[in-house]
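Colleague: This is the structure I have questions about; it appears just below.
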Amino acid sequence: MIGNSNDLTRHNAFERTNHWIVAVCFVLAALSGMSLFHPFFWPLSLLFGGGVWTRIIHPFIGLLLVASFVPMFVRFRGFNRMKPADWDWIKRVWEMAQRGDDRNMPPQEKYNGAQKLIFWAACAFFLLMAFTGLAMWRAYFTFPVTLVRFAVVIHAAIGAVFIVMIILHIYAAIWVRGTINAMLYGTVSRAWAKQHHKIWYRQMTER
Amino acid sequence: MALQSLDIRHRSATTTPSPSQRRTEEVAKLIDVTTCIGCKACQAACLEWNDIRDDVGTNNGFYDNPPDLTASSWTVMRYSEIREGGGLQWLIRKDGCMHCQEPGCLKACPSPGAIIQYSNGIVDFHEEECIGCGYCITGCPFNIPRLSAKDGKVYKCTLCSDRVAVGIEPACIKACPTGALQFGTKEQMRDYARYRIADLKSRGFANAGLYDPAGVGGTHVMYVLHHADRPGLYSGLTADPGISPLVALWKGAAKSLAAGALGALVLGSFFHYVARGPIEISGEREDEQEKEGDAK
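Taken in sequence, the protein lines are chains D and P.
Whatever position you read off the first sequence (first residue = 1), add 25 for the working numbering.
Whatever position you read off the second sequence (first residue = 1), add 280 for the working numbering.
Structure representation (structure tokens):
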């Protein structure tokens with residue numbers, strides 16, 4: 026175990042494993058999808074064995090991605106209910122980024138407002154990506170062309186927004202020191218919890 | 281393909297100029313629907329020249345055979361019977377790739393060089409580069425490309441780019457017994473169409489005209505129609521084809537904007553880190569808070 030015995034447990038082994046399966050699938054789906062989206066990203070298709078292989082495996086990675094998110098959804102949805110304090114926190118995100126400090130932010134539960142929003146957005150995006158992706162999957166499905174045209178636009182647009190969101194998610198984890206430990210080893214220091222998730226800290230320590 | 285590597289106007293999924301040193305004249309195939317007898321010699325010639333055989337199908341009770349374009353049948357005759365002016369008219373349209381000046385397939389294709397438009401206007405698929413995604417089918421305003429179940433590649437009429445490159449007409453033109461199929465420069469074909477339309481008008485087809493739709497910048501396969509005011513009569517020929525606004529949005533400026541936004545975000549995050557540094561909890565503060573926490 027890494028860290029000291031006073032650390033608080035934030036994610037158990039199952040949750041961490043689940044998160045990383047989703048994360049790896051997301052990166053693979055994003056890289057292969059981007060290669061088919063803009064010629065600038067075409068060389069990424071070489072990572073997957075060329076254009077044909079990229080076309081073949083992208084939808085299967087997508088299916089695995091959505092399927093592996095299901096247990097995450099079941100486990101995390103309870104911690105992600107949006108409350109007024111979450112919206113207050115979100116309103117002040119820009120201020121926090123400019124100051125480079127979160128000490129004046131409203132106290133947060135296990136997940137902060139932006140994390141909760143990302144969770145719900147991910148649920149909606151996964152559903153949209155799955156359905157539009159199926160509509161585009163010419164190897165196995167043929168849908169009316171107008172439907173496919175709506176699907177390709179939605180798939181590309183949501184895909185781009187989703188990647189933006191995940192870049193921010195990753196950056197936030199790098200920016201706030203000690204956060205990645207929560208997903209790598211499952212624990213965070215008490216000081217980390219107190220500063221970033223005060224409500225959760227109290228729940229964990231007052232028990 | 282190698283025969284025509286110096287005169288490329290557009291190449292799919294390519295952002296730099298393609299070899300275009302050689303300039304060729306724009307060509308066109310003219311399909312005079314009014315003199316077509318529906319013999320399907322063009323269909324047979326297409327299979328013969330390209331040396332492809334379609335699977336033997338089933339008789340569906342009408343003349344269309346095969347009933348639709350396939351990855352092997354790049355042209356099919358579509359027969360429609362209509363009542364017009366107190367009589368029956370048998371409208372027979374040779375369907376196949378229209379070789380659009382602004383091809384929706386090429387716009388949609390994500391694989392560099394899988395779809396080529398030559399300066400003579402021919403839109404050609406290079407199946408070696410095809411990845412089988414079917415985006416061209418989504419982009420095509422005429423529902424032409426067909427995905428092969430055999431090899432996962434998309435096929436369609438090449439306008440016999442291999443024959444045209446060495447100065448001979450497409451195979452279907454050569455086979456046509458009535459002169460309903462003509463081939464030449466686009467200008468010549470327009471002139472010939474004018475002559476045909478004047479003849480048709482003198483015979484009572486007041487709405488005879490040329491089908492060269494402006495919505496796709498004109499086509500390199502054009503029709504002479506008796507009822508040019510109602511192209512839909514000809515087995516659903518699209519009246520006003522164009523690249524769907526959805527496809528234009530998908531593979532237009534928006535994709536460059538999105539790609540730029542992703543790059544800017546990564547750079548922006550990096551420089552935010554450089555300028556503001558991470559949110560860190562100092563060791564001293566950590567001890568203090570831990571004591572506080574333990575005291576509770």
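We put the beta carbon where it would ideally sit given N, CA and C, even for glycine.
Quick caveat: nothing in here was measured; it's all calculated off a predicted structure.
Return no unless some Cβ of chain P is closer than 8 Å to the Cβ of ALA65(D).
Modeller: Inspection of the sequence shows that residue 65(D) is occupied by Phe rather than by Ala. Answer yes: the Cβ-Cβ gap between PHE65(D) and chain P drops below 8 Å somewhere.
Colleague: Please name the residue in ALA197(D), ARG227(D) and GLN228(D) whose C-alpha comes closest to that of TRP127(D).
Modeller: First, the amino acid is wrong: residue 127(D) is Asp here, not Trp. Ranking the options by Cα distance to ASP127(D), first place goes to ALA197(D).
Colleague: Of all the alpha helix (DSSP H) runs that stay within the bounds of the segment 111–172 of chain D, which reach a length of 4 or more residues?
Modeller: Counting only runs of 4 or more, we get 118–124 and 138–161.
Colleague: Can you give, in chain order, each stretch of the alpha helix (DSSP H) that sits fully within the segment 391–466 of chain P and has at least 4 residues?
Modeller: Within the segment 391–466 of chain P, the complete alpha helix (DSSP H) runs of at least 4 residues are 415–419, 441–445 and 451–455.
Colleague: Just checking, does the segment 291–311 of chain P make contact with the segment 347–365 of chain P on the three C-beta pairs under 8 Å criterion?
Modeller: No, the segment 291–311 of chain P is not in contact with the segment 347–365 of chain P.
Colleague: Skipping 5 residues on each side, what residues in its chain have a beta carbon closer than 8 Å to that of VAL434(P)?
Modeller: Counting only Cβ-Cβ distances below 8 Å, and skipping sequence neighbours, we find ALA351, PHE405, GLU407, CYS410, GLY412, GLY414, CYS416, ILE417, PRO425, ARG426, LEU427 and SER428.
Colleague: Would you please verify whether the beta carbon of GLY203(D) is less than 8 Å from any beta carbon of chain P?
Modeller: Output row for GLY203(D): interface = yes.
Colleague: Between the C-alpha atoms of HIS506(P) and PRO457(P), what's the straight-line distance to the nearest angstrom?
Modeller: Cα to Cα, HIS506(P) sits roughly 20 Å from PRO457(P).
Colleague: Beta strand (DSSP E) containing GLN369(P): first to last residue?
Modeller: Note, GLN369(P): beta strand (DSSP E), 367–375.
Colleague: Here's the rule: buried if 16 or more other CB atoms are within 10 angstroms of the residue's CB, otherwise exposed. What is TRP225(D)?
Modeller: Under this definition TRP225(D) is a buried residue.
Colleague: On the premise that LEU461(P) lies in contact with CYS322(P), defined as a C-beta separation below 8 Å, what is that separation, rounded to the nearest angstrom?
Modeller: Yes, CYS322(P) and LEU461(P) are in contact; Cβ-Cβ is about 6 Å, under 8 Å.
Colleague: Do the CB positions of ALA207(D) and ARG35(D) come within less than 8 Å of each other?
Modeller: In this structure, ARG35(D) lies closer than 8 Å to ALA207(D) by Cβ.
Colleague: Beta strand (DSSP E) containing HIS290(P): first to last residue?
Modeller: Looking at the DSSP string, the run of the beta strand (DSSP E) that includes HIS290(P) is 288–291.
Colleague: Tell me, please, whether the segment 81–98 of chain D touches the segment 43–54 of chain D by the rule of three or more beta-carbon pairs shorter than 8 Å.
Modeller: Yes: the two stretches touch, three or more of their Cβ pairs being nearer than 8 Å.
Colleague: Distance, Cα to Cα, SER360(P) vs THR167(D)?
Modeller: Looking at the two C-alpha atoms, the distance is approximately 26 Å.
Colleague: Does chain D have any CB closer than 8 Å to the CB of PRO558(P)?
Modeller: Yes - at least one Cβ of chain D is within 8 Å of the one on PRO558(P).
Colleague: Give the range of the alpha helix (DSSP H) segment to which SER60(D) is assigned.
Modeller: First-last of the alpha helix (DSSP H) with SER60(D): 38–62.
Colleague: Closest Cβ-Cβ distance between ILE224(D) and chain P: below 8 Å?
Modeller: No, no contact with chain P.
Colleague: Identify each residue in the segment 128–156 of chain D for which the Cβ-Cβ distance to at least one residue of chain P is less than 7 Å, and report them in chain order.
Modeller: Per Cβ criterion, the list is empty.
Colleague: Over what stretch of residues does the alpha helix (DSSP H) that includes TYR226(D) continue unbroken?
Modeller: First-last of the alpha helix (DSSP H) with TYR226(D): 223–231.
Colleague: Find the residues of chain P that neighbour GLN220(D), judging by a C-beta separation of less than 7 Å, and give them in chain order.
Modeller: What GLN220(D) touches in chain P: ILE561.
Colleague: List the residues of chain D that VAL392(P) touches, going by C-beta distances under 9 Å, in chain order.
Modeller: According to the sequence as given, residue 392(P) is Pro; it is not Val. Under the 9 Å cutoff, chain D gives PRO64, TRP67 and GLY76.
Colleague: At a CB distance below 8 Å, what residues from the segment 102–115 of chain D approach chain P? Give them in sequence order.
Modeller: The segment 102–115 of chain D vs chain P, Cβ under 8 Å: nothing.
Colleague: If distances are taken between C-alpha atoms only, which option among PHE422(P), GLY495(P), ALA445(P) and ALA544(P) comes closest to LYS436(P)?
Modeller: The option with the nearest alpha carbon to LYS436(P) is PHE422(P).
Colleague: At the level of alpha carbons, what is the spacing between SER399(P) and CYS148(D)?
Modeller: When rounded, the distance between both Cα atoms is 48 Å.
Colleague: Short check: CB of ARG333(P) to CB of ASP344(P), under 8 Å?
Modeller: Not closer than 8 Å, so no.
Colleague: Looking at the strands, I want to know which residues DSSP matches up with GLY489(P).
Modeller: According to DSSP, GLY489(P) bridges with LEU505(P).
Colleague: Spell out whether any CB of chain P is found under 8 Å from the CB atom of ARG15(D).
Modeller: For residue 15(D) there is no data in the structure shown, the boundaries of chain D being 26 and 232.
Colleague: Can you look up SER332(P) in the DSSP assignment and give me helix, strand or coil?
Modeller: Sequence check: residue 332(P) is Ile here, not Ser. Here ILE332(P) sits in coil by DSSP.
Colleague: From ASN129(D) to GLY557(P), what distance separates their C-alpha atoms?
Modeller: Cα to Cα, the separation comes out at about 17 Å.
Colleague: Going along chain P in order, which residues have a C-beta closer than 8 Å to the C-beta of TYR196(D)?
Modeller: Residues of chain P passing the Cβ test: SER549, HIS552 and TYR553.
Colleague: What beta strand (DSSP E) runs, 3 residues minimum, are completely inside the segment 293–357 of chain P?
Modeller: DSSP runs (the beta strand (DSSP E)) wholly in the segment 293–357 of chain P: 307–312.
Colleague: Would you check if the distance between the CB atom of ILE402(P) and the CB atom of HIS552(P) is smaller than 8 Å?
Modeller: No, the Cβ-Cβ distance between ILE402(P) and HIS552(P) is not below 8 Å.
Colleague: Looking only at its own chain, which residues have a Cβ that is under 7 Å from the Cβ of ALA544(P), when we skip the five neighbours before and after it?
Modeller: Excluding positions up to five away in sequence, the list is empty.
Colleague: Taking 8 Å as the cut-off, decide whether the C-beta atoms of ALA539(P) and PHE65(D) are in contact.
Modeller: It is a contact, given that the beta carbons lie within the stated cut-off.
Colleague: Output, in chain order, the set of chain P residues within a Cβ distance shorter than 9 Å of PHE175(D).
Modeller: Under the 9 Å cutoff, chain P gives LEU526.
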